[in-house]
Amino acid sequence: MNELVKRSITGILLVLVVVYCSTYSLWSATVLWGSVLVLGLIEFFKLKSKEGERGGSVSGAWMGVGVIVIAVVSVWGLGRPIDVILGIKSSYSGMEVVAFLTWIWANDTFAYIGGRLLGRRLIYKGLAPVISPKKSWEGAVIGAVGAAVAGWFWMGEVGVLLGALTGVLSTCGDLIESAAKRRAGVKDSGSLLPGHGGILDRFDGLVLAAPVVLIIKSLLV
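Sequential numbering from 69 applies to the sequence shown in the numbering used here.
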């Protein structure tokens, strides 16, 4: 099967599963993000194991575990599960999770398109040539703009700022995972998702963006 077709089919199915589980109920969202957390940690420990063979540190491993746990719990927390548990709200706000994820997906999509069309034509030097040679400044900027547009769709002017911030932090999260894979000497974090790699490859944009957006939205409400 053509790699692009395989990637597209996997991407569509993944989006459908994530949106459905995030919006159906608190418990379906908990199962979804709990699974993402467990599978992500398994992949991370495999990466650190390979990195350890190349001189990786134990302290760095535990720091990575903390970052992944905080990121995934933050995404789950965007739906205000505590309010449901305490009886303040009758249902889980899954659409808030979906809104955030669309900013991540918009950033990824527009960054890819922008990189393909304009990559290194305006700014010759890449975004992070050592860590991720294919990434360009043009793609990163266009990705952030795409995320800002998605943010406006969901939250108006405030959403523009949150979307743009999410786009920037998502790209940074992607670079962090790229650095971890480079240290481990692997191309993908896993092979669970055909055409995409592993769970960490698909959800790396959440690492920095989710906790920051959760904090900001908590302060705004």
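C-beta: ideal position from N, C-alpha, C; glycine also. Bear in mind that the values here come from a model prediction, so they are computed numbers and not experimental data.
Hey, residue i and residue j are a contact pair by Cβ (cut 8 Å); roughly how many whole angstroms apart?
i: Ala208; j: Thr239; result: 5 Å
i: Val280; j: Leu233; result: 7 Å
i: Val133; j: Phe112; result: 7 Å
Less than 7 Å separating the beta-carbons of residue i and residue j?
i: Thr161; j: Gly147; result: The residue asked about is misnamed: residue 161 is Ser in this sequence, not Thr. Cβ atoms of Ser161 and Gly147: closer than 7 Å.
i: Asp269; j: Gly241; result: no
i: Ile172; j: Ala247; result: no
i: Gly227; j: Ala215; result: no
i: Ser90; j: Val166; result: yes
i: Ile136; j: Gly108; result: yes
i: Leu276; j: Leu243; result: no
i: Val174; j: Leu274; result: Checking the displayed sequence, the identity of residue 174 turns out to be Ala instead of Val. No, they are not a contact pair.
i: Arg251; j: Glu119; result: yes
i: Gly258; j: Gly235; result: no
Report the partner residues of residue i according to the DSSP bridge assignment.
i: Leu261; result: Gly265
i: Ser159; result: DSSP lists no partner for Ser159.
i: Ala196; result: Ser200
With a CB to CB cut of under 7 Å and the five nearest residues on each side skipped, what residues in its chain are close to residue i?
i: Ser159; result: Val152
i: Leu282; result: Ser142, Gly145 and Leu146
i: Val213; result: Phe178
i: Thr78; result: Leu261, Pro262, Gly263 and His264
Considering just the uninterrupted stretch of the alpha helix (DSSP H) at residue i, what are its terminal residues?
i: Ala277; result: Leu274 to Leu288
i: Ile77; result: Glu71 to Tyr92
i: Ile244; result: Trp205 to Ala252
i: Asp151; result: Pro149 to Ile153
Starting from the C-beta of residue i, find all residues in its chain whose C-beta is less than 8 Å away, skip the five residues before and the five after it, and write them out in chain order.
i: Arg75; result: Pro262, Gly263 and His264
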